[in-house]
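Below is one structure, written out as structure tokens; the observations come after it.
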Amino acid sequence: MEMTEATLTMQSAKRGRVDPHRSMRAYDADADLMLLHFGPQHPSTHGVFRMDLHLDGEIIVKATPYVGYLHRAVEKLCERLTYVQQTPVVDKNDYVSPMTNEQALTMAFEKLLGVEVPRRARWMRTLFAELQRVASHLLWLGTFALDLGGALGGGSTLFLHCFRERELILDLFEEVTGARFHYNTHLIGGNRHDLPAGFAAKVHSALAIVESRIAEYEVLSLNNGIFQMRSRGVGVLDGELALELGVTGPNLRASGVDHDLRRDAPYGAYDELAVNVVTAQGGDCYARTQVRFGELRESIRLARAAIDGMPEGPICGHKPIRQPGQAKATSGQVYVGIETPRGELGTFVIGGGDTPTCPYRLKIRPPSLHALSALPYILPGATVSDAVAILGSLDPIMGEADR
Amino acid sequence: MQSAWLSALAFLVVSTLLGLGVLGAAKALRVRARKDSRIKHLTYECGEQPDGLAWMQFHARYYVVALFFVLFDVEAVFLFPWAVVLRELGAQAFIAAVSFVVVLMLGWFYVLRKEALQWQ
Amino acid sequence: MSALGHGALYGAVLIAVMLSTVAVGIWFERKFAGRMQSRLGPTIVGPMGLLQPLADVVKLLQKEDIIPAGADRALFNLAPVLATIFSLGVAAVLPLSPHMIAADLDIGVVYMLAVGGLMVVPTFMAGWASNNKFALLGGMRAVAQSISYGVPLVLAVLVPVILSGSLSLAGIVRWQSEHHWFALWPVIPGLPAFALYFMAMLAEANRIPFDIPEAESELVAGVTTEYTGAKFTLFYLAEYVHTLVGSAIGAALFFGGWDGPFAPGLHWMVAKTLALFVVVYWVRWTLLRLRSDQLMELCWKWLTPIGVALVLIAAAWVQFAPQGAL
Chain W
66 MEMTEATLTM
76 QSAKRGRVDP
86 HRSMRAYDAD
96 ADLMLLHFGP
106 QHPSTHGVFR
116 MDLHLDGEII
126 VKATPYVGYL
136 HRAVEKLCER
146 LTYVQQTPVV
156 DKNDYVSPMT
166 NEQALTMAFE
176 KLLGVEVPRR
186 ARWMRTLFAE
196 LQRVASHLLW
206 LGTFALDLGG
216 ALGGGSTLFL
226 HCFRERELIL
236 DLFEEVTGAR
246 FHYNTHLIGG
256 NRHDLPAGFA
266 AKVHSALAIV
276 ESRIAEYEVL
286 SLNNGIFQMR
296 SRGVGVLDGE
306 LALELGVTGP
316 NLRASGVDHD
326 LRRDAPYGAY
336 DELAVNVVTA
346 QGGDCYARTQ
356 VRFGELRESI
366 RLARAAIDGM
376 PEGPICGHKP
386 IRQPGQAKAT
396 SGQVYVGIET
406 PRGELGTFVI
416 GGGDTPTCPY
426 RLKIRPPSLH
436 ALSALPYILP
446 GATVSDAVAI
456 LGSLDPIMGE
466 ADR
Chain X
7 MQSAWLSALA
17 FLVVSTLLGL
27 GVLGAAKALR
37 VRARKDSRIK
47 HLTYECGEQP
57 DGLAWMQFHA
67 RYYVVALFFV
77 LFDVEAVFLF
87 PWAVVLRELG
97 AQAFIAAVSF
107 VVVLMLGWFY
117 VLRKEALQWQ
Chain C
-15 MSALGHGALY
-5 GAVLIAVMLS
5 TVAVGIWFER
15 KFAGRMQSRL
25 GPTIVGPMGL
35 LQPLADVVKL
45 LQKEDIIPAG
55 ADRALFNLAP
65 VLATIFSLGV
75 AAVLPLSPHM
85 IAADLDIGVV
95 YMLAVGGLMV
105 VPTFMAGWAS
115 NNKFALLGGM
125 RAVAQSISYG
135 VPLVLAVLVP
145 VILSGSLSLA
155 GIVRWQSEHH
165 WFALWPVIPG
175 LPAFALYFMA
185 MLAEANRIPF
195 DIPEAESELV
205 AGVTTEYTGA
215 KFTLFYLAEY
225 VHTLVGSAIG
235 AALFFGGWDG
245 PFAPGLHWMV
255 AKTLALFVVV
265 YWVRWTLLRL
275 RSDQLMELCW
285 KWLTPIGVAL
295 VLIAAAWVQF
305 APQGAL
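Residue numbers (the numbering used here), protein chains in the order written: chain W, 66 to 468; chain X, 7 to 126; chain C, -15 to 310.
Pasting the structure below:
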């Protein structure tokens, strides 16, 4: 093939750095491009996400992501609700990891209102967050396999097996909170539900099962020839670009950037539990898988440490904050970021306004949205099949990205 | 052997009847929609209005492969009769076919080195 | 009996048998996949969910028939019928037992390759006629895949032809029952040729890991995206029959077809076919899918030269092997 501007653009696109609009102009001149709406009603767009793909044959020349199909005005809703009413609302944001949504929001409110959290509650939240990370990464592995292997084939086999292990974690949460998914267990100033008797043993036995199965899945995916062919060198996101775009979490660490809020800005029990940050080089789908497998192990270790070292004491402040009148802020603004399974989930709250019992403004910074913003840069040069793999490997949750 | 071909023909006719029969049965069983709508007959494109027709020039990227396929298929056509009589014709036929295939594979090797078998 | 009557009778019986095999096969696959995935599979319709395929067929036939407004109606309607004809038509040369062959063609192998190779026509026809971009992508992929994997398929089939010196499927099976199964002896090229045949057959029948033309996680449903009801049923059926017939031909070419002790030939043929059929499912519910360019590279860079080498080894075996070792 001639080295036209178009091919050069495509090659630079393959290296991960390309101006998405320039590549389009380079192509307009001589190619008959197909504009394919990929989503919102598509089996592999992880909910209702839409990409407009300009295709030259099967090669993507330009990709334009569209978000907002799942917009529910959560932030506005939160501004209308009192501080104590909001955890059930944000449970539904990142619907694969509800526990960390609650944690992020509650921590922001606690900081705004100046409420102290007892040590035991902080440790419990850490335990829940790590268990939730295990569940979330397992679900990611399953859906990634679905993207690579199809719902009617090997992919769904791994998917359902991952679901089986995730059930064990959800069972644990059900023990504590009575709910399998929308827990509503975080209160401002502590936790609503204490750990039931004999919970530590149940955590240990569940984690032992999950850990042994993870080893199997690692062999089944990372060591599998087809998996490697489909993920190595696909969707390369370099660390510099990832930082520029605000990509966080496993996606950033897979690009070789050593950044993890649990270690760099400790919260909960992480000041007492040392976190080994897992990174990988390469920034491709394979590296993202490696990082998540490493984090599964690390989270299992942390969850064990958290349940073993669980301190005694109250799970809530002296007087639990349950009534709207107990939580009032007349001024102040805070930002709290925590490391969810998908990256930095930030919550920015301004207190005050007409009603001191409600936040004046609440803004959520979803890690999924920032991960999706990398798509126009890493998709050009890939094929339609790769697009599905790349999108899946970024682990976007549209409930969170669109809010 | 002519009769075997007639049998094969009859077999194909029965297959055709099955295909048409299924369509006919469906026509009889089909539940009809009470109301028709334009949107229902819209081409599926993930719920969006399709931009332009799908009948367009398509960069297939494997026209070299198509040529290559013709090459190897012709090779196969030559090899089939050879395969049947190899036993009777003996060494001469063997050497002839080997040299034929070796020349072909030299071409294959050339194409491989030229990276024409790369998809892009 | 006249030749036409013979063919028609066999056609009717064989097609009925194949359809019921496919129906039970679908049930079996769903149960099998269910067990592989630590779930139960169908349980509600009939005992152990056995009537599930029947319910599916009735449901599919009742569905409203939607032809998209932009489609080429004639081609759109023709494609599923052609797919049925070509996939079923291959079965005409299947040797079920020494005296049970619908059409004992002396060039049955060539007929099988030719009619089987035609399957790409309805697939692409469906992809093009739908006027749907996903279908078009699927159709284009199907063309590339089918013509590419046609080559290793032909080369793999050449091996038993050379070893037995016959182009008739029945002749090849007869030779194997008099001497030995090609998958067992000569081990090279017999066994690798079977592996090559099996892979090419998976690709021709669009089975995972080579199911890129329908790749439901990428192309929604590929060429069948716009098809509903009966026409979709025909495509679905054609795909299953293609796999079933492919398994049967693999059993005949490499595993001695009807040859086996104790039981009548027909039983052996059916048992071997079903065993291969199950392996197809097993592969399907285990592996992930390749990308289209990787698929093509695998074919042209590896399978094709391996196939040529196997053909030459087979020829050399026929030439140089001592008489007793044949």
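Just so you know, even glycine gets a beta-carbon here, dropped at the ideal spot from N, CA and C.
The model shown is predicted, which means the values in this text are computed figures rather than measured ones.
In the DSSP assignment, what are the bridge partners of residue i?
i: T405(W); result: G408(W)
i: L101(W); result: L118(W)
i: K428(W); result: F413(W)
i: Q398(W); result: I415(W)
i: I386(W); result: I253(W)
i: P79(C); result: I85(C)
i: T49(X); result: Bridge partners of T49(X): none, in fact.
Tell me whether residue i sits in a helix, a strand or coil according to DSSP, three-state version.
i: H251(W); result: strand
i: P379(W); result: coil
i: A91(W); result: With a pLDDT of only 48 at A91(W), under the threshold of 50, the placement of this residue in the model should not be trusted; the figure read from the coordinates follows. If DSSP states are grouped into helix, strand and coil, A91(W) belongs with the helices.
i: M84(C); result: strand
i: V29(C); result: coil
i: V171(C); result: helix
i: N158(W); result: coil
i: K15(C); result: helix
i: T242(W); result: helix
i: A128(W); result: strand
i: P288(W); result: It should be pointed out that residue 288(W) corresponds to Asn in this sequence rather than to Pro. Residue state, collapsed to three classes: coil.
i: T191(W); result: helix
i: T344(W); result: coil
i: T147(W); result: coil
i: T448(W); result: strand
i: L59(C); result: helix
i: E162(C); result: helix
i: R468(W); result: coil
To the nearest angstrom, report how far apart residue i and residue j are at their CA atoms.
i: L92(X); j: S148(C); result: 10 Å
i: K117(C); j: T354(W); result: 31 Å
i: V42(C); j: A60(X); result: 32 Å
i: T448(W); j: G25(C); result: 34 Å
i: L287(C); j: E239(W); result: 52 Å
i: L97(C); j: V8(C); result: 27 Å
i: K384(W); j: T152(W); result: 19 Å
i: Q129(C); j: G218(W); result: 19 Å
i: G240(C); j: L18(X); result: 26 Å
i: R407(W); j: S109(W); result: 18 Å
i: P64(C); j: D303(W); result: 47 Å
i: F238(C); j: L121(C); result: 35 Å
i: D156(W); j: W188(W); result: 20 Å
i: L(-7)(C); j: I10(C); result: 26 Å
i: T165(W); j: A216(W); result: 29 Å
i: I51(C); j: G111(C); result: 13 Å
i: G411(W); j: E51(X); result: 35 Å
Run the CB neighbour count on residue i, radius 10 Å, all protein chains shown included, and call it buried at 16 or more, exposed below.
i: H119(W); result: buried
i: E198(C); result: buried
i: M294(W); result: buried
i: E175(W); result: buried
i: I386(W); result: buried
i: T49(X); result: buried
When you check each C-beta in the stretch 197 to 216 of chain W against every C-beta of chain C, which residues fall closer than 8 Å?
Sequence-ordered contacts of the stretch 197 to 216 of chain W with chain C read A210, L211, D212, L213, G214, G215 and A216 [C-beta pairs closer than 8 Å].
Using a Cβ-Cβ cut-off of less than 8 Å, list which residues of the stretch 287 to 317 of chain W approach chain C; keep chain order.
If you check each beta-carbon in the stretch 287 to 317 of chain W against every beta-carbon of chain C, the ones closer than 8 Å belong to N289, I291, F292, M294 and R295.
Selection of the stretch 142 to 176 of chain C by Cβ proximity to chain X, strictly under 8 Å
Residues L142, V145, I146, G149, S150 and L151.
Counting only Cβ-Cβ distances shorter than 9 Å, please list the residues of the stretch 431 to 453 of chain W near chain C, keeping chain order.
Closer than 9 Å at the C-beta level to chain C, one finds these residues of the stretch 431 to 453 of chain W: T448, V449, S450, D451, A452 and V453.
Relative to chain C, which residues along the stretch 73 to 85 of chain X have a C-beta separation below 8 Å, given in chain order?
Correct list: F74, F75, F78, D79, A82 and L85.
Chain C contacts from the stretch 97 to 121 of chain X (Cβ-Cβ distance under 9 Å)
The residues in question are A97, A99, F100, A103, V104, V107, V108, L110, M111, W114, F115, V117 and L118.
Contacting positions in the stretch 67 to 88 of chain C - beta carbon closer than 9 Å to chain X:
Listed in chain order, the positions of the stretch 67 to 88 of chain C with a beta carbon within less than 9 Å of a beta carbon of chain X are A67, T68, I69, F70, S71, L72, G73, A75, A76, V77, I85, A86, A87 and D88.
Please name the residues in the stretch 35 to 54 of chain X whose beta-carbon is closer than 9 Å to at least one beta-carbon of chain C, in chain order.
Of all residues in the stretch 35 to 54 of chain X, only L35, R36, V37, R38, A39, R44, K46, H47, L48, T49, Y50, E51 and C52 come within less than 9 Å of chain C when Cβ atoms are compared, listed by chain position.
Chain C contacts made by the stretch 95 to 109 of chain W, where a contact means CB separation under 8 Å
Within the stretch 95 to 109 of chain W, the residues whose Cβ lies closer than 8 Å to any Cβ of chain C are, in chain order, M99, L101, H107, P108 and S109.
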